[in-house]
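In the working numbering, the protein residues as written are 1 to 332. Okay, structure first, notes after.
So, in structure tokens, the structure goes:
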């Protein structure tokens, strides 16, 4: 087949890509959380061995000392913007393109979920209120009262879906992925998790083009085993979420991902017991959902199940590959 390079970025998703019949059994998702390459000290953000590559292909062991050596972007003022653009416009098409001798046919879906710093997060949730003094006036010297920034642990999520767990090795074991895609990850990311999850779609998306995702990373209450936590999250908490009128009004998609293993040694990803993804039409809808009285009950239920290390944040969702249309709810 002749590759039309002018459209190679969307050959594997509608409207150009061919889709297959929906699948009703739980799918397998490599829920790959990533932190971006930047000059943060390793004491503040861990770094995978071999990542944060220099222009010469070597790991920059102390990027806070040598940010200019990073292959992706040496100018710290541009680092975030350049990384965000690179992941979507360069790395994504590389993953999706079938070079000679390779095939990504077994990848049913690949979404990039880019965290939005200005969106709601567990570090700075809505409602947002004006900073005022006792006199009801805004501060005359705002430079003295800038609130600290609470940075989430991760900058994004690569949401890659397969029909069966064995399909992961069939795809990632190919030379293209094992050598060239991993090498590209080491340019763009300082840490990548490798967890394998079982996906339960509770509210299917009508088009799977919902632009905003609310990503909730769950680490269980230490009094619960992983098995008990996952059972209660899916069988008790999820019905509570779906039973709220605010969920009916605002949520376009709802999926729960339960951690069942990893593709390789994954000390950071193994700490994550589950992930909830809720999709929305806009950031304002997320904010209205989070400040609703309905969400108070959801937050209380989550607090009883989760423990230290849990976090949530909002992100913009890009569909890079999609072979499943329409999406349907998972049968259990």
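For each residue, glycine too, the CB sits at the ideal point set by N, CA and C.
Sort the options by Cα distance to residue i and report the nearest one.
i: residue 164; options: 227, 47, 200, 28; result: 28
i: residue 100; options: 106, 176, 237, 280; result: 176
i: residue 84; options: 191, 156, 212, 286; result: 156
i: residue 207; options: 15, 326, 73; result: 326
i: residue 94; options: 47, 169, 181; result: 181
i: residue 337; options: 72, 324, 10, 224; result: For residue 337 there is no data in the structure shown, the boundaries of the chain being 1 and 332.
i: residue 251; options: 91, 213, 193; result: 213
i: residue 248; options: 26, 295, 89; result: 295
i: residue 40; options: 162, 218, 61, 169; result: 61
i: residue 46; options: 268, 281, 303, 283; result: 268
i: residue 332; options: 16, 15, 26; result: 26
Which of the three DSSP states is assigned to residue i in this structure?
i: residue 232; result: helix
i: residue 247; result: helix
i: residue 101; result: coil
i: residue 286; result: helix
i: residue 276; result: strand
i: residue 111; result: strand
i: residue 23; result: coil
i: residue 218; result: strand
i: residue 65; result: coil
i: residue 344; result: Any property of residue 344 remains undetermined from this structure, which presents the chain solely from 1 to 332.
Within the same chain, show all residues whose beta-carbon is closer than 7 Å to that of residue i, passing over the 5 residues directly before and after it, in chain order.
i: residue 178; result: 172
i: residue 120; result: 126, 286, 287, 290, 314
i: residue 116; result: 314, 315, 316
i: residue 1; result: In this predicted model, residue 1 has a pLDDT of only 47, less than 50, meaning its place in the structure is not dependable enough to derive any value.
i: residue 139; result: 131, 133, 145
i: residue 209; result: 319
Using C-beta distances below 6 Å, list every residue in its chain close to residue i, excluding the 5 sequence neighbours before and after it, in chain order.
i: residue 201; result: 255, 329, 330
i: residue 96; result: 12, 320, 321
i: residue 69; result: 54, 60
With the cut-off set at 7 Å, would you say residue i and residue j are in Cβ contact?
i: residue 154; j: residue 293; result: no
i: residue 409; j: residue 244; result: Only positions 1 to 332 of the chain appear in this structure, which leaves residue 409 out of reach.
i: residue 266; j: residue 311; result: no
i: residue 150; j: residue 123; result: yes
i: residue 279; j: residue 240; result: no
i: residue 108; j: residue 324; result: yes
i: residue 21; j: residue 106; result: no
Could you tell me how far apart the beta carbons of residue i and residue j are, in whole angstroms, since I believe they sit closer than 8 Å?
i: residue 307; j: residue 271; result: Not a contact, Cβ separation roughly 10 Å.
i: residue 32; j: residue 192; result: 6 Å
i: residue 160; j: residue 198; result: Their Cβ separation, rounded to whole angstroms, is 14 Å, which puts residue 160 and residue 198 out of contact at 8 Å.
i: residue 74; j: residue 67; result: 6 Å
i: residue 53; j: residue 186; result: 5 Å
i: residue 305; j: residue 226; result: Not confirmed; about 12 Å, so no contact.
Kindly say whether residue i, judged by its beta-carbon, lies nearer than 7 Å to any beta-carbon of chain C.
i: residue 114; result: Checking the listed chains, one finds no chain C in this structure; it contains a single protein chain.
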